[in-house]
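In this note's numbering, the protein residues as written are 50 to 375. The block underneath contains the structure these notes are about, expressed in structure tokens.
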């Protein structure tokens with residue numbers, strides 16, 4: 050979403066209750082725990098993942114995100130999924146750091162490995178605004194006289210995830226609590242509120258040859274205040290070793306919202322992504338976002354790298370330690 054314009058508007062107008070956007074990911078399809086707690090334990094292995102995203106390189110104050118994600122399936126025929134999500138996101142002079150514990154319960158619903166999972170994540174987010182880093186026209190601007198501000202907020206996420214060997218559909222809502230927290234401790238508090246976000250997605254897996262699998266997917270992201278983000282992705286798995294694909298991300302006024310800035314619809318982008326299983330338990334991923342808007346005149350694009358480790362998995366005759374493809 051248009052988070053740079055959000056922070057510019059935030060600085061320029063002194064708004065005190067502007068909705069802050071969640072971090073954006075281009076490799077979410079390789080680990081959907083970042084958007085849905087019901088995904089915890091899906092692969093039925095222990096998984097560790099590190100990610101770094103440098104958005105809109107070349108623009109001062111552009112979003113910068115790091116995450117550590119861990120999850121696995123345990124107990125009662127691996128029906129219980131547990132996870133840990135640590136996320137740090139910085140934009141301009143505001144930073145938010147989150148820690149969540151994820152829980153899912155996975156119900157078998159048919160004989161074709163289909164499962165219906167319900168997930169809940171509970172955690173806390175630290176919001177930090179370092180107004181001393183702001184460059185303002187007036188030294189006594191009341192919106193930035195508080196200097197360094199820090200707030201902690203409890204938060205929660207909820208999700209549902211259905212899958213079989215060939216298909217998945219999922220929905221989730223994040224920031225269940227933080228959007229309602231009153232951050233003000235005085236008239237000059239300028240920390241942006243965390244907006245509630247809704248996700249709805251689906252994907253399908255098809256064999257198109259002995260060594261090639263095709264996976265199209267769709268993700269809709271809604272926060273009720275900004276243009277709806279729609280990601281359309283197509284990926285190919287080559288020889289069970291390399292995922293190669295692309296996504297198109299667009300902002301649309303899906304629900305006919307009023308008072309939307311036209312510039313918000315001009316942030317569409319193309320994404321190219323690659324994930325390689327360099328060993329049975331190690332994968333490396335990279336994604337590059339190319340903006341289709343005027344941002345391309347100021348930015349060198351967005352770079353996102355990831356590293357993943359898989360433990361306790363096995364699948365004979367393949368580079369993958371898990372038979373799960375979503």
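Cβ coordinates follow ideal geometry from the N, Cα and C atoms, glycine included.
3 or more residues per run - each beta strand (DSSP E) lying fully within the stretch 95-134:
95-103 and 113-123
Applying the 10 Å Cβ sphere with the 16-neighbour rule, what's the burial state of residue 260?
exposed
Who does residue 203 pair with in a DSSP beta bridge?
173
Give a yes or no on whether the C-beta atoms belonging to residue 212 and residue 326 are separated by under 9 Å.
no
Just to confirm before moving on: does the CB-CB distance between residue 91 and residue 155 stay below 9 Å?
yes
Since residue 271 sits in a beta bridge, which residues does DSSP pair it with?
247
Report the three-state DSSP secondary structure of residue 347 (helix, strand or coil).
coil
Buried/exposed call for residue 246, threshold 16 Cβ in 10 Å:
buried
On the three-state DSSP scale, how would you describe residue 360?
strand
Indicate the three-state DSSP secondary structure (helix, strand or coil) for residue 158 in the structure shown.
coil
Taking the beta carbon of residue 72 as the centre, do at least 16 other beta carbons fall within 10 Å, making it buried, or is it exposed?
When all chains shown are included, residue 72 counts as buried.
Looking at residue 173: is its Cβ nearer than 9 Å to the Cβ of residue 153?
no
Hey, is the stretch 132-148 in contact with the stretch 159-166, meaning 3+ C-beta pairs nearer than 8 Å?
no
Residue from 149, 280, 255 and 318 whose Cα sits closest to the Cα of residue 249:
For residue 249, the nearest C-alpha among the options comes from 280.
Taking the continuous beta strand (DSSP E) assigned at residue 293, which residues delimit it?
291-301
Local conformation of residue 254 per DSSP, three classes:
coil
Candidates 208, 266, 299 and 324, of which the one nearest residue 252 by Cα:
The shortest C-alpha separation from residue 252 is found at 266.
Within 10 angstroms of the Cβ of residue 361, are there 16 or more other Cβ atoms? Answer buried if so, exposed if not.
Under a 10 Å Cβ-count criterion, residue 361 is classified as exposed, with fewer than 16 other Cβ atoms of the shown protein chains found around its own Cβ.
Using only the alpha-carbon positions, how far apart do residue 148 and residue 264 sit?
Distance between the alpha carbons of residue 148 and residue 264: 31 Å.
State buried or exposed for residue 60, treating a residue as buried only when at least 16 other CB atoms are found within 10 Å of its CB.
Note that residue 60 scores a pLDDT of 38, beneath 50, so its modelled location is shaky and nothing firm can be said.
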